[in-house]
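Numbering follows UniProt numbering, with no gaps: position 256 of the sequence shown is 256. Read the structure below first, then the notes.
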Amino acid sequence: MLANFEKRNYEGKERVWTGRYRNLHNLPHWHLESELIYIEKGNVTVSDNHRRYTLDSGDAVFLGSGEIHYIKSGEDSIVEMALFDSALIQDLLGRYQLCQAKLTHPYPILECLAEIRGELAQRRPFFELQCCESIVSLMIRIFRGEDLEERAAAGEGSSISHYKRLLDEIEQKYSRITFSEAAAFMGLSEPYFSKFFRKISGMTFSQYLNSVKLKHAVELLQDKNADFSITEISVRCGFDTIRHFNRVFKQLTGMSPRQLPPDYVLDDRPIRTIQDAFNPTLQNSELL
């Protein structure tokens, strides 16, 4: 399943957000913020980068920037969480990471989140600084109490910002950019780039690139002012042969280019850019 990017929008200059949910369920997603999840009541499953944690009341997990995850809650469960700018604890994250996402010791997480929630609601002078101070203080306690391992110098976290720029690069150069050029743009070896791209986007680089190419091909086919043959459109959009173009077109639309109706709308969810908004929370989840 495709893991979408969730963009967190804040009301003002604060860099911390808190939420409390009953029966929280969400789709696989990732975001630039770090996330702290606490189980107040019930049982919850958190899947993080293909590792699954079964959590009960009092358990908590910490997820770093860029980690693909989703949550499935049991009936009447209550989950509290905080999302915050990873830059706030860059001195920690830049050097270390937790050996596992699930925390092994108790921490005053509920008290901290309640304090932050109060600050965000009352919005007294300097509340933004107080929220940042509260979450940083809590994270220091967590990093002091948990088992740590040194972070690789060129880990995935340092590649997220490059990934954002790569999506823009693909959008601009979709007709000619190659796998090797994309890996070089990211500053990664080709084998590592292949794994990284699939993890973040939920598909291979080739699948993503073909989706972008097809989006532009559909636009040209529906443009009444464009006087291009199907062969010319396939070339303009970077397909090496008309046969390849027709095959990809059929795979993604279920029809041939000649069968495309004028009002056809391409499902572009797989090629949303990192700037697009996406809410992973399903409708049966209740924000308290």
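Note that the Cβ used here is the ideal one computed from N, Cα and C, for glycine as well. Predicted, not measured: the structure shown is a model, and the values here were computed from it.
Which of the three DSSP states is assigned to residue i in this structure?
| i | result |
| --- | --- |
| Ile177 | coil |
| Arg20 | strand |
| Met203 | coil |
| Asp85 | coil |
| Phe62 | strand |
| Ser229 | coil |
| Ser256 | coil |
| Lys195 | helix |
| Lys224 | coil |
| Ser34 | strand |
Identify every residue that forms a DSSP beta bridge with residue i.
| i | result |
| --- | --- |
| Glu150 | Tyr96 |
| Asn43 | Asp56 |
| Val79 | Tyr21, Ile39 |
| Asn26 | Thr281 |
| Ser73 | Val44 |
| Leu287 | Tyr21 |
Are there 16 or more other CB atoms within 10 angstroms of the CB of residue i, so buried, or fewer, so exposed?
| i | result |
| --- | --- |
| Tyr264 | exposed |
| Ala154 | Because the pLDDT at Ala154 is just 46, under 50, the model does not fix this residue reliably, and the value given afterwards should be weighed accordingly. Exposed. |
| Gln97 | buried |
| Pro280 | buried |
| Arg15 | buried |
| Lys213 | buried |
| His31 | buried |
| Asn284 | exposed |
| Pro191 | exposed |
| Glu181 | exposed |
| Glu286 | exposed |
| Phe193 | buried |
Taking 7 Å as the cut-off, is the C-beta of residue i nearer than that to any heavy atom in the ligand NAP?
| i | result |
| --- | --- |
| Leu32 | Absence of the ligand NAP is noted for the structure shown, with no ligands found whatsoever. |
Give the straight-line distance between the Cα atoms of residue i and residue j, rounded to the nearest whole angstrom.
| i | j | result |
| --- | --- | --- |
| Glu150 | Arg95 | 6 Å |
| Phe196 | Met81 | 26 Å |
| Tyr63 | Ile109 | Before going on, a small fix: residue 63 reads as Leu here, not Tyr. If you take the alpha carbons of Leu63 and Ile109, they lie about 15 Å apart. |
| Leu83 | Ala101 | 15 Å |
| Pro28 | Ser73 | 14 Å |
| Arg20 | Ala114 | 10 Å |
| Glu111 | Ser137 | 12 Å |
| Lys164 | Ser189 | 18 Å |
| Gly187 | Glu128 | 35 Å |
| Ile140 | Ala184 | 36 Å |
| Lys13 | Tyr107 | 27 Å |
| Lys224 | His244 | 24 Å |
| Val44 | Leu120 | 26 Å |
| Tyr208 | Arg123 | 43 Å |
| Arg247 | Ile170 | 21 Å |
| Tyr38 | Leu88 | 20 Å |
| His162 | Ile71 | 27 Å |
Sorted by chain position, which residues of the same chain lie with C-beta nearer than 8 Å to residue i's C-beta, five sequence neighbours on each side aside?
| i | result |
| --- | --- |
| Leu220 | Ala226, Phe228, Ile233, Arg236, Cys237 |
| Asp76 | Arg22, Asn23, Lys41, Gly42 |
| Cys99 | Glu146, Asp147, Leu148, Glu149 |
| Leu282 | His25, Asn26, Leu27 |
| Leu93 | Ser34, Gly64, Ser65, Ser86, Arg151, Gly157 |
| Leu288 | Arg20, Tyr21, Arg22, Ile78 |
Only counting the same chain, and skipping five residues up and downstream in sequence, which positions put a Cβ closer than 7 Å to that of residue i?
| i | result |
| --- | --- |
| Ala116 | Residue 116 is actually Ile in this sequence, not Ala. Closer than 7 Å at the Cβ level, and outside the excluded window around Ile116, lie Val16, Thr18, Ala82, Cys131, Ser134, Ile135. |
| Glu33 | Arg8, Ser65, Leu83, Phe84, Asp85, Ser86 |
| Arg198 | Thr204 |
Keeping to the same chain, check which residues put their C-beta closer than 6 Å to that of residue i; ignore five residues upstream and five downstream.
| i | result |
| --- | --- |
| residue 294 | Here the chain comprises residues numbered 1 to 288, so residue 294 is not present and cannot be evaluated. |
| Phe239 | Phe245 |
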